[in-house]
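J.:
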Amino acid sequence: MKIEIWMTIIGLGGASFAIRLSGYLLASQIPQDGMWARALQALPGCLIVSLVSLMMLNGTMLEWISAVMVLVLAAISRKPTLAMFAGMVIIAALRFAIG
Amino acid sequence: MKQSNNWYLELLFGVRDMLPMSVAAATYGLAFGLLATQSGFNIFQTISMSALVFGGSSQLVAIEQLSIGLGAASAILAGGALNMRILLVTATMRNVLAVRPWWQVGLGTFFATDASVALMQSAKPRNMTTSYWYFFGGGASLYVIWIAVTAIGALVSSGVPNPQAIGLDFAIIAIFVATLPGMWRGKKDVLPWLLASGIVLIWGTLFPEYASWGLIGGALIGAICAGLNNEN
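As given, the protein sequences belong to chains U and F, one line each in that order. Quick note: the first sequence uses my numbering, first residue 104, plus one each step. Quick note: the second sequence uses my numbering, first residue 3, plus one each step.
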């Protein structure tokens, strides 16, 4: 088991760094304007939307309600940190009240 | 490339703006530390994994694969598949890393995580969307906290309170949801975002074991859809 653990740590570490570097190297080949440049500009938003969708895929009803409240609060206040802490309080309160 | 004499100020702003993400990631790191110890990792191995891989979900999947006896190759493959999305993260950092020496590109990409994309939203009002040191500060501070909480998780093992009772497990979801309004660029994002989200949800429902590939597909197809729209 010990050697397997170290092989995993080193192998996954190397693979992760190769993936990170490849993303930048691939993107640096994309022209500065045109279709692919516009796609690259849209990528951060699409990536976060996809990440949130994946996180919410198996979310409970209480988590969905809390996530919508966080979204509304962040849109109104424009303060993501405040919205995050409010979300933690909301989900804790809902779980305590409803279970 | 943004040239600045105040690189340390940009670095500090990056550290400061990353704090909410660091708090959210800390809960995840704590969980990893606990699970790694329970799966037979010693403290040195746990810290080494966090230091070299720096990717929460892929680390968790890798130890899960090892603990059920599937071996190192399977653990690397599963963990690597989950980290494939970071390819898209570093792609979004093209303008931050451009015209930098190779060692800065290496460090900049090494510290890139999902949180780096969320940090772009805070960078906009500071006019630091292309500041290398801003993203370096954010990434490096998250890295230090990630390793520290992993170590704490491994050391305290069973003495951690139930994170669900105080909403800690929701922090990581909440912070990414909260960054969405800042990412919104107007009407032109409607279709790409709907496509991205729809693909992730449908793919994840149909193929739950390969849900992370849906994330990559959704983000890519959404971005390509935005690229095809010429009205900017």
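In this text, a Cβ means the ideal position worked out from N, Cα and C, and glycines have one as well.
If we cut at 9 Å on Cβ distances, does F:Arg128 have a partner in chain U?
T.: No, F:Arg128 does not count as interfacial toward chain U.
J.: So what's F:Pro210 in DSSP terms, helix, strand or just coil?
T.: In the structure shown, F:Pro210 sits in a helix (DSSP, three-state: H, G or I).
J.: Going by CA-CA distance only, name the one from F:Phe15, F:Pro22, F:Met20, F:Ala33 that's closest to F:Leu157.
T.: Out of F:Phe15, F:Pro22, F:Met20, F:Ala33, F:Ala33 has the C-alpha closest to the C-alpha of F:Leu157.
J.: Where are the beta strand (DSSP E) runs, 3 residues long or more, that stay fully inside the stretch 20-74 of chain F, in chain order?
T.: Qualifying beta strand (DSSP E) stretches: none in this window.
J.: Relative to the C-alpha of F:Trp135, which candidate in F:Val146, F:Leu21, F:Gly110 has its C-alpha closest?
T.: It is F:Gly110.
J.: Report back the beta-carbon spacing between F:Arg87 and F:Ile204 to the nearest angstrom; my notes put them in contact at under 8 Å.
T.: In fact, because the Cβ distance is near 18 Å, the residues do not count as touching under 8 Å.
J.: Within the 9 Å Cβ cut-off, does F:Ala142 reach chain U?
T.: It does not: the Cβ of F:Ala142 has no partner Cβ on chain U nearer than 9 Å.
J.: If you follow the alpha helix (DSSP H) that F:Asp116 is part of, which residue opens it and which one closes it?
T.: Per DSSP, F:Asp116 belongs to the alpha helix (DSSP H) from 116-128.
J.: Would the stretch 59-68 of chain F and the stretch 167-177 of chain F be scored as touching if the rule is three or more Cβ pairs under 8 Å?
T.: With the cut-off at 8 Å, the stretch 59-68 of chain F and the stretch 167-177 of chain F do not touch.
J.: Taking 9 Å as the cut-off, decide whether the C-beta atoms of U:Leu165 and U:Ile201 are in contact.
T.: Yes, they are a contact pair.
J.: Using 9 Å as the limit for Cβ to Cβ distance, is F:Asn231 near chain U?
T.: For F:Asn231, the answer is yes, since a Cβ of chain U falls inside 9 Å of its Cβ.
J.: Return the residue from the list F:Trp195, F:Gly188, F:Gly140 that minimises the CA-CA distance to F:Leu11.
T.: It is F:Gly140 whose Cα lies nearest to the Cα of F:Leu11.
J.: Could you give the DSSP three-state label for F:Gln166: helix, strand or coil?
T.: Residue state, collapsed to three classes: helix.
J.: Along chain F, in chain order, which residues have C-beta atoms closer than 7 Å to that of U:Ile194?
T.: Ordered by position in chain F, the residues that pass the 7 Å Cβ test against U:Ile194 are Gly169, Phe172.
J.: F:Leu208 CB to nearest chain U CB: under 9 Å?
T.: Chain U contact via Cβ: absent.
J.: Check the Cβ-Cβ distances between U:Ile112 and every residue of chain F, and say whether any is below 9 Å.
T.: Chain F contact via Cβ: present.
J.: Within the continuous alpha helix (DSSP H) that includes U:Gln144, where are the two ends?
T.: Residues 138-159.
J.: Hey, could you find the ends of the alpha helix (DSSP H) U:Pro183 is sitting in?
T.: Counting along the chain, the alpha helix (DSSP H) containing U:Pro183 begins and ends at 183-200.
J.: Please look up how many angstroms separate the CB atoms of U:Met187 and F:Ala180, rounded, as I've assumed it's under 8 Å.
T.: Sure, about 5 Å apart at Cβ, within 8 Å.
J.: Only counting runs of 4 or more residues, tell me where the alpha helix (DSSP H) segments fall wholly within the stretch 179-208 of chain F, in order along the chain.
T.: The stretch 179-208 of chain F contains these whole alpha helix (DSSP H) runs: 192-208.
J.: Cβ atoms of U:Ala121 and F:Met95: under 9 Å apart, would you say?
T.: No, they are not a contact pair.
J.: Go ahead and label F:Gln47 buried or exposed: buried means 16 or more other beta carbons lie within 10 angstroms of its beta carbon, across all protein chains shown.
T.: When all chains shown are included, F:Gln47 counts as buried.
J.: Which residues in chain F sit within 8 Å of U:Trp139, going by Cβ to Cβ distance?
T.: Per Cβ cutoff of 8 Å: Gly229.
J.: Looking at F:Pro194 and F:Ala167, is the spacing between their C-beta atoms short of 9 Å?
T.: Cβ atoms of F:Ala167 and F:Pro194: not closer than 9 Å.
J.: Grouping DSSP H, G and I as helix and E and B as strand, with all else coil, what is U:Phe120?
T.: In this structure, U:Phe120 counts as helix in the three-state DSSP scheme.
J.: Looking at the secondary structure, which residues open and close the alpha helix (DSSP H) in which F:Asn97 lies?
T.: First-last of the alpha helix (DSSP H) with F:Asn97: 96-99.
J.: Output the distance between the C-alpha atoms of F:Gly200 and F:Arg187, rounded to the nearest integer angstrom.
T.: One C-alpha to the other measures close to 19 Å.
J.: Give the range of the alpha helix (DSSP H) segment to which F:Ile147 is assigned.
T.: Counting along the chain, the alpha helix (DSSP H) containing F:Ile147 begins and ends at 134-158.
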